[in-house]
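Worksheet for the structure shown next.
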Ligand SMILES: CC(C)(COP(=O)(O)OP(=O)(O)OC[C@H]1O[C@@H](n2cnc3c(N)ncnc32)[C@H](O)[C@@H]1OP(=O)(O)O)[C@@H](O)C(=O)NCCC(=O)NCCS
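What follows is the structure, given as structure tokens:
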């Protein structure tokens, strides 16, 4: 067994950590470097690396946040970017890193660690439990009907952001499992979303965050809030127009599929592996609430 050590990386080791992530996630190093170092949430003390015989072979990033659980806003820590060098995978390295990291967080400030994945088996073996499912569905763009004579959806401008933040705080931000968005988290969300649409009635009353790839016929709606099913339909139609997408992937929110289907718009469940939300309880007094949580985490909040 090689000599293993888990710790916070030193400043000069960050490029090595990033290299492990790039190799594991198949990312180009130079492009990833800019994103890595300019992340508004970047904090070296939240990184963890596993060294085998002095070389970084596995890593992860902790993302402290507050999560709405019922009426409370509990401090939690997200786990993101779990990666092992491809040639060393399958030897228990990520398991060791995760176990040691979770042990070091026991009885600290966080109620639980949370992560989002479509391959939960590794984490389940380590005692993580499924506490939510990020349900998404597909809508065909041509099922959304024709553009209204007076479109009420347009691209957002800088001036729309305070209103978007206000709408979120009164709607999706109150949902069970929503992350509390402070300034830093809003900066992260703004950086992450590619296109933002707003829906205007007397004033801006809804919005949609989009992510899409020019070559792909699919547009992911990361988050959408609208005052009525008709307004949601207008946002989705405008999303398809703005991106040229044929299919929209939309996150479920209570009653959303039912209301679209009642307007004659068919909704198909996404067929890929479902995205699950997993948790490991770090402070037992919150165990019961978290184990039955059924958390709905917005795709725009994924760590
Ligand atoms: C996931 C990953 C970090 C596991 O690292 P590792 O050091 O090989 O992990 P361990 O040896 O402790 O455990 C291996 C288990 O990881 C799981 N695993 C493999 N690929 C995985 C993936 N892409 N996502 C999640 N789990 C994965 C499998 O359950 C595997 O168990 P098995 O060999 O019995 O099937 C590594 O495969 C990796 O870097 N993958 C690419 C990046 C990635 O997808 N990260 C996960 C984001 S949630």
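Residue numbers (this note's numbering): 453 to 755. For glycine and all other residues, C-beta sits at the position ideal for the given N, C-alpha and C. Please read all numbers here as calculations on a predicted model, not as lab measurements.
In the structure shown, residue 755 adopts coil according to DSSP, grouped into three states.
Between residue 506 and residue 517, the C-beta spacing is not below 7 Å. Excluding its 5 nearest sequence neighbours in each direction, residue 469 has C-beta neighbours in its own chain below 7 Å: 461, 499, 501, 508 and 511, listed in chain order. Going by DSSP, residue 731 is part of the beta strand (DSSP E) stretching over 727 to 733.
When DSSP states are grouped into helix, strand and coil, residue 462 belongs to the coil group.
Per DSSP, the unbroken beta strand (DSSP E) holding residue 703 starts and ends at 699 to 703. Around the CB of residue 750, 16 or more other CB atoms lie within 10 Å, so the residue is classed as buried.
Residue ranges of uninterrupted alpha helix (DSSP H) with 4 or more members, entirely inside the segment 467 to 497 and ordered along the chain, are 481 to 490. If you check the C-beta of residue 544 against ligand 1, you find a heavy atom less than 6 Å away. Approximately 7 Å separates the beta-carbon atoms of residue 742 and residue 521; this is inside 8 Å, confirming the contact.
One alpha carbon belongs to residue 634, the other to residue 568, and they sit about 20 Å apart.
Runs of the alpha helix (DSSP H) lying entirely within the segment 649 to 677 and spanning at least 4 residues: none are present. With a minimum length of 4 residues, the unbroken runs of alpha helix (DSSP H) contained wholly in the segment 548 to 596 fall at 573 to 577. Three or more Cβ pairs closer than 8 Å define a contact, and the segment 581 to 599 meets that threshold against the segment 699 to 717. In this structure, residue 608 has its beta carbon at no less than 6 Å from each heavy atom of ligand 1.
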